[in-house]
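Written out below as structure tokens is the structure these notes cover.
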Amino acid sequence: MKNILIVEDDRALASGICIALKSDGVFPYACHSIKSARDEIAKNPYDLFILDINLPDGSGLDFLRELKRTGGIPIIILTANDLETDIVTGLESGADDYITKPFSLAVLRARVNTQLRKAASLITGRIQIDDFAFDFDRLEYFRSGKPLELSKTEQKLLRLLVENRGNTLERSALVDRIWTDGAEYVDENALSVAVKRLRDKLEENPSKPAYIKTVYGIGYSWAVK
Numbered sequence: 380m381k382n383i384l385i386v387e388d389d390r391a392l393a394s395g396i397c398i399a400l401k402s403d404g405v406f407p408y409a410c411h412s413i414k415s416a417r418d419e420i421a422k423n424p425y426d427l428f429i430l431d432i433n434l435p436d437g438s439g440l441d442f443l444r445e446l447k448r449t450g451g452i453p454i455i456i457l458t459a460n461d462l463e464t465d466i467v468t469g470l471e472s473g474a475d476d477y478i479t480k481p482f483s484l485a486v487l488r489a490r491v492n493t494q495l496r497k498a499a500s501l502i503t504g505r506i507q508i509d510d511f512a513f514d515f516d517r518l519e520y521f522r523s524g525k526p527l528e529l530s531k532t533e534q535k536l537l538r539l540l541v542e543n544r545g546n547t548l549e550r551s552a553l554v555d556r557i558w559t560d561g562a563e564y565v566d567e568n569a570l571s572v573a574v575k576r577l578r579d580k581l582e583e584n585p586s587k588p589a590y591i592k593t594v595y596g597i598g599y600s601w602a603v604k
């Protein structure tokens, strides 16, 4: 299922776009202001944004730049601003496509499908889990749309846990695969420290982790909900 967020203050138009785009594999949702869009993005992951420039509580272009700073989700601008300078500014600000009003719903559907295909080909290493988005190819990590700063050790540990989620990884195996240049010289507490630091960055309550579970006497696992 691909989730699409439409940010459009014209409620009738937004509703029509949702109806036109909804299919077995696509679920569109509409917001009518930047604030409501931010709130929605914080709660749910999205695969594509359709964004008007003229919004009641701010500039769609500023919001576009904000979205591009926090992730690589494709963005289509859909606006009445049809001057050449508007189109150039939109594309140079990071938009992946620019459609002017009035527009054909068939063309919009085709443009949306094109962006979804492109995104799928670019983010094969991206894994979405609840509020998390982990792109192990691009080394980009997000929680609720906000970037996470992870050390190289934390990145290796996270990838091992997530790619083997549901399975328990032994401590010795984790040490060998994280510290490949000399696991025999690694302090026995190094893994525990790395796990604690990763939990501090990912978990709502690190003392009662929901994702990175300790399997006592064996190792760690990423819990499957």
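Anchor point for the sequence shown: position 84 equals 463 in the working numbering, and the numbering is continuous, going up by one each time. Ideal Cβ placement from N, Cα and C applies to all residues, glycine included.
When burial is assigned at 16 or more other CB atoms within 10 Å of the CB, is Val-486 buried or exposed? Here residue 486 corresponds to residue number 107 of the sequence shown, with the count starting at 1. Per the 10 Å Cβ criterion, exposed.
Within a Cβ cutoff of 7 Å, which residues of the same chain sit near Ile-506, ignoring the five residues on either side of it in sequence? In the sequence shown, residue 506 corresponds to position 127, counting from 1. These residues qualify, in order along the chain: Phe-513 and Val-541.
I think Pro-407 touches Ile-396, with their Cβ atoms under 8 Å apart; what is that distance to the nearest whole Å? Here residue 407 is taken as the residue at index 28 of the sequence shown, counted from 1. Here residue 396 is taken as the residue at index 17 of the sequence shown, counted from 1. With 8 Å as the limit, Pro-407 and Ile-396 qualify as a contact, their Cβ atoms being about 7 Å apart.
Within the continuous beta strand (DSSP E) that includes Glu-519, where are the two ends? As a first step, residue 519 must be located in the sequence shown, where it is residue number 140. Start and end: 519 to 522.
Cβ-Cβ distance between Val-467 and Gly-545 below 8 Å: Here residue 467 refers to the residue found at position 88 of the sequence shown. Here residue 545 refers to the residue found at position 166 of the sequence shown. No, they are not a contact pair.
What does Gly-437 pair with, by DSSP beta-bridge criteria? By 1-based counting over the sequence shown, the position of residue 437 is 58. Bridge partners of Gly-437: Leu-434.
Should Asp-431 be labelled buried (16 or more other beta-carbon atoms within 10 Å of its own) or exposed? The residue labelled residue 431 in the question sits at position 52 within the sequence shown. By the neighbour-count rule (16 or more Cβ atoms within 10 Å), Asp-431 is buried.
Mind checking which residues open and close the beta strand (DSSP E) that includes Ser-483? To locate residue 483, count along the sequence shown from 1; it is residue 104. Taken as a continuous stretch (DSSP letters only), Ser-483 belongs to no beta strand (DSSP E), as it is neither H nor E.
How would you write the range of the alpha helix (DSSP H) that Lys-531 sits in, first residue to last? Mapped onto the sequence shown, residue 531 falls at position 152. Counting along the chain, the alpha helix (DSSP H) containing Lys-531 begins and ends at 531 to 542.
Compute the distance between the beta-carbons of Tyr-477 and Ile-452, then report whether it is under 8 Å. Indexing the sequence shown from 1 puts residue 477 at position 98. Indexing the sequence shown from 1 puts residue 452 at position 73. For Tyr-477 and Ile-452, no; Cβs fall outside 8 Å.
With the cut-off set at 8 Å, would you say Gly-473 and Leu-443 are in Cβ contact? The sequence position of residue 473 within the sequence shown is 94, counting from 1. The sequence position of residue 443 within the sequence shown is 64, counting from 1. Yes. Within cutoff.
Hey, out of Asn-568, Trp-601, Leu-440 and Leu-446, whose CA is closest to Ser-523's CA? Numbered from 1 along the sequence shown, position 144 holds the residue referred to as residue 523. When only C-alpha atoms are compared, the closest one is Leu-446.
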